[in-house]
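Scroll down for the structure; my scribbles are underneath it.
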Amino acid sequence: MNIALVEYGAGNLPSVERALARLGVESRRASTPEALAGCDALILPGVGHFGALMRSLGERSLVAPLREAVSRGTPLLGICLGLQAMFATSDEAPGDAGLALFPEKVSALPPADRLPHMGWNQLRRARPSKLLKGVPQDAYFYFAHSYAALDAGEAGVAYCDHCASFVAVLELGNIFATQFHPEKSGPVGAQILSNFVRHADGKG
Amino acid sequence: MSLAHRIIPCLDTDGERVVKGVNFVNLRDAGDPAALAARYNIEGADELVVLDIAASRDHRPTFLETIRRVAAELAIPLTAGGGVANVDEGRAILRAGADKLTVNTAAIRNPPLLTALAAEFGSQAVVLAIDAKRVGDRWEAFVRGGSVPTGIDAVAWARQGVDCGAGEILITSMDKDGTRSGFDCPLTAAISRAVSVPVIASGGADTPETFLEVFREGRADAALAASIFHDSIQGLGELKRYLGEQGVSVRQTG
Numbered sequence: 019m020n021i022a023l024v025e026y027g028a029g030n031l032p033s034v035e036r037a038l039a040r041l042g043v044e045s046r047r048a049s050t051p052e053a054l055a056g057c058d059a060l061i062l063p064g065v066g067h068f069g070a071l072m073r074s075l076g077e078r079s080l081v082a083p084l085r086e087a088v089s090r091g092t093p094l095l096g097i098c099l100g101l102q103a104m105f106a107t108s109d110e111a112p113g114d115a116g117l118a119l120f121p122e123k124v125s126a127l128p129p130a131d132r133l134p135h136m137g138w139n140q141l142r143r144a145r146p147s148k149l150l151k152g153v154p155q156d157a158y159f160y161f162a163h164s165y166a167a168l169d170a171g172e173a174g175v176a177y178c179d180h181c182a183s184f185v186a187v188l189e190l191g192n193i194f195a196t197q198f199h200p201e202k203s204g205p206v207g208a209q210i211l212s213n214f215v216r217h218a219d220g221k222g
Numbered sequence: 093m094s095l096a097h098r099i100i101p102c103l104d105t106d107g108e109r110v111v112k113g114v115n116f117v118n119l120r121d122a123g124d125p126a127a128l129a130a131r132y133n134i135e136g137a138d139e140l141v142v143l144d145i146a147a148s149r150d151h152r153p154t155f156l157e158t159i160r161r162v163a164a165e166l167a168i169p170l171t172a173g174g175g176v177a178n179v180d181e182g183r184a185i186l187r188a189g190a191d192k193l194t195v196n197t198a199a200i201r202n203p204p205l206l207t208a209l210a211a212e213f214g215s216q217a218v219v220l221a222i223d224a225k226r227v228g229d230r231w232e233a234f235v236r237g238g239s240v241p242t243g244i245d246a247v248a249w250a251r252q253g254v255d256c257g258a259g260e261i262l263i264t265s266m267d268k269d270g271t272r273s274g275f276d277c278p279l280t281a282a283i284s285r286a287v288s289v290p291v292i293a294s295g296g297a298d299t300p301e302t303f304l305e306v307f308r309e310g311r312a313d314a315a316l317a318a319s320i321f322h323d324s325i326q327g328l329g330e331l332k333r334y335l336g337e338q339g340v341s342v343r344q345t346g
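Listed in order, the protein sequences are those of chains A and B.
Residues in the first sequence are numbered consecutively from 19, following the working numbering.
Residues in the second sequence are numbered consecutively from 93, following the working numbering.
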């Protein structure tokens, strides 16, 4: 199977690559529209600023090819900022359009507790999930963010509570994403990546 | 369900090897950073910090290679720093595999550096490290590995650093560092009350009770320690089980 990490300058791309390698999964990097088109599954890593990510995808002419790959049914996994990029807009960069796979927006978390939301937290599950298959209910995942999608309609399968309730895992058809970093979340994070790969490979 | 308190082993290095000393002096060799990283990754560390305490320009390529070797062993977050003075040096550390970088001396001399780093990498990647020592009725920030006093109030500096863009504070008590006499809870609590970002307490770690104290009285979000872990005086799993039994939210592993 041909899995590609979308390469646009995301700082956590090598970590995701290493996490996949530990699972015995080979991946390559895709930085052009042509490279995206020939993939069986895509991973959109992300860390940093929503506007910078969208501008970076735009400069590489990757926005339309990503949307087209999703509409063709190619499984896509967004990580952290890669989840946020799937929404229409973000409070972090009001002038920049997201991939708009979901019509909702990404919000600044209200300062009810310490921000950034930094560290290991648990999930509240709302719907059956492919990514969370085999993951203990009380598992902790590593988060590092100040913005989040508070709602994703029926795509929200697990939520987390810090300052507000927000979407921690979303799944809809071939679209998957986590607000936490599976590549930094120890064995349970590896399980999430493995579940995505198995699903993309038609085995899970 | 709540955010877990983090336990963070720290590898002080001379760029290449882990070293340790008391109150920032009398350094001695304590092992290979990648080997220790691999051990802590398995034993349940929530994060790892790797510092280049020599921070000499000549040795920077060696330290970047150390970060690469350490990152390759980890499925947990990695914070690295030591002598970071500009955005390019910060980028080199993150590219080598760190998720966050620490800044200390250069930020005190030039606070807009924090703003520039946060704009480039996001606040979540910028950890302001402060070395503080009790002077009279307040704490003073020291720089250059704790050797140079600044006259700056550590609590006020923490607040200003967060306003400039720091996303986390790593507060080291120079009075407690290396003494194994417990964390500096009053200092940590003063910093914690002053800022809205997470606070990592460092210096003085000893028994599991000292961790409980710094989470309760010191209001720390994370606690960092070096020698008690390197010398296997304290096991990570055992420490976390104790904290869990005391009602502190921690990520239990294994």
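A virtual CB, placed ideally from N, CA and C, is assigned to each residue, including glycine.
Just so it is clear, the structure is predicted and the values come from calculations on it, not from any experiment.
- Identification of chain A residues near Pro169(B) by a Cβ-Cβ cut-off of 8 Å yields Tyr160, Ala162, His199 and Lys202, ordered along the chain.
- The Cβ-Cβ distance between His135(A) and Leu95(B) falls below 9 Å.
- Close to chain A, meaning a Cβ-Cβ distance shorter than 9 Å, are the following residues of the segment 286-299 of chain B: Val287, Ser288, Val289, Pro290 and Val291.
- Runs of beta strand (DSSP E) with 3 or more residues, each lying fully within the segment 27-81 of chain A, are found at 45-48 and 59-62, listed in chain order.
- Secondary structure note for Arg230(B): it is in no alpha helix (DSSP H), and the uninterrupted beta strand (DSSP E) holding it is Arg230 to Val235.
- Counting along the chain, His180(A) sits inside the beta strand (DSSP E) bounded by residues Gly174 to His180.
- By the 16-neighbour rule on beta-carbons within 10 angstroms, Gln155(A) is exposed.
- In the three-state reduction of the DSSP assignment, Ser215(B) falls in the helix class, which pools H, G and I.
- In this structure, the CA atom of Gly64(A) is about 23 Å from the CA atom of Arg90(A).
- At a cut-off of 9 Å, the C-beta of Ser74(A) has no neighbouring C-beta in chain B.
- A check of alpha carbon separations from Ala37(A) across Gly220(A), Gly204(A) and Ala218(A) identifies Gly204(A) as the nearest.
- With fewer than 16 other beta carbons inside 10 angstroms of its own, Leu41(A) counts as exposed.
- Among the residues facing chain B, Leu188(A) is not included, as its CB has no counterpart in that chain under 9 Å away.
- Look at the beta carbons and you see the segment 219-234 of chain B touching the segment 250-265 of chain B: at least three pairs across the two are nearer than 8 Å.
- For the options Ser108(A), Arg142(A) and Phe184(A), the alpha carbon positioned closest to that of Pro121(A) is the one of Ser108(A).
- Non-local C-beta neighbours of Ala28(A) in its own chain, meaning closer than 7 Å and more than five positions away in sequence, comprise Pro63, Gly64 and Val65, ordered along the chain.
- With contacts defined by Cβ atoms closer than 9 Å, Arg311(B) and Thr280(B) form a contacting pair.
- Distances from the CA of Leu119(A) to each of Val43(A), Val34(A) and Asn192(A) were compared; the closest alpha carbon is that of Asn192(A).
- In this structure Asn133(B) does not touch Ile159(B) by the C-beta definition: roughly 15 Å separates them, more than the 8 Å allowed.
- Three or more beta-carbon pairs separated by less than 8 Å link the segment 124-135 of chain A to the segment 167-184 of chain A, which places the two stretches in contact.
- Interface flag for Gly152(A) against chain B is unset, since no Cβ pair is found closer than 9 Å.
- Distance from the CA atom of Ala87(A) to the CA atom of Gly116(A), rounded to whole angstroms, is 16 Å.
- Across the set Gly270(B), Ala286(B) and Val240(B), the C-alpha of Ala286(B) shows the shortest separation from the C-alpha of Val247(B).
- At a beta-carbon threshold of 8 Å, none of the residues of chain B lie near Leu119(A); the nearest stands roughly 22 Å away.
- Sequence-distant Cβ neighbours of Leu186(B) in its own chain, meaning closer than 7 Å and more than five residues away, are Leu193, Phe213 and Ala217.
- Considering only Glu135(B), Asp124(B) and Arg109(B), the residue with the shortest C-alpha distance to Arg333(B) is Glu135(B).
- If you check each beta-carbon in the segment 36-57 of chain A against every beta-carbon of chain B, the ones closer than 9 Å belong to Arg36, Ala37 and Arg40.
- Around the C-beta of Arg343(B), 16 or more other C-beta atoms lie within 10 Å, and the residue is accordingly described as buried.
- Look at Glu260(B) here: in three-state DSSP terms it is strand.
- Bounds of any beta strand (DSSP E) do not take in Lys332(B); it lies within the alpha helix (DSSP H) bounded by Leu328 to Glu337.
- Close to Pro32(A), with beta-carbon spacing below 7 Å, are these residues of chain B in chain order: Gly189.
- For Ala126(B), there is no enclosing beta strand (DSSP E); the residue is part of the alpha helix (DSSP H) that begins and ends at Pro125 to Glu135.
- A check of alpha carbon separations from Ala144(A) across Ala59(A), Gly137(A), Ala176(A) and Pro51(A) identifies Ala176(A) as the nearest.
- By the Cβ neighbour-count rule, Asn213(A) is buried, with 16 or more other Cβ atoms within 10 Å of its own.
- Taking C-beta separations shorter than 7 Å and ignoring five residues to either side along the sequence, the partners of Val240(B) in its chain run Phe234, following chain order.
- Only those residues of the segment 131-156 of chain A whose C-beta falls short of 9 Å from the nearest C-beta of chain B are listed: Asp131, Arg132, Leu133, Pro134, His135, Met136, Gly137, Trp138, Asn139, Gln140, Leu141, Arg142 and Asp156.
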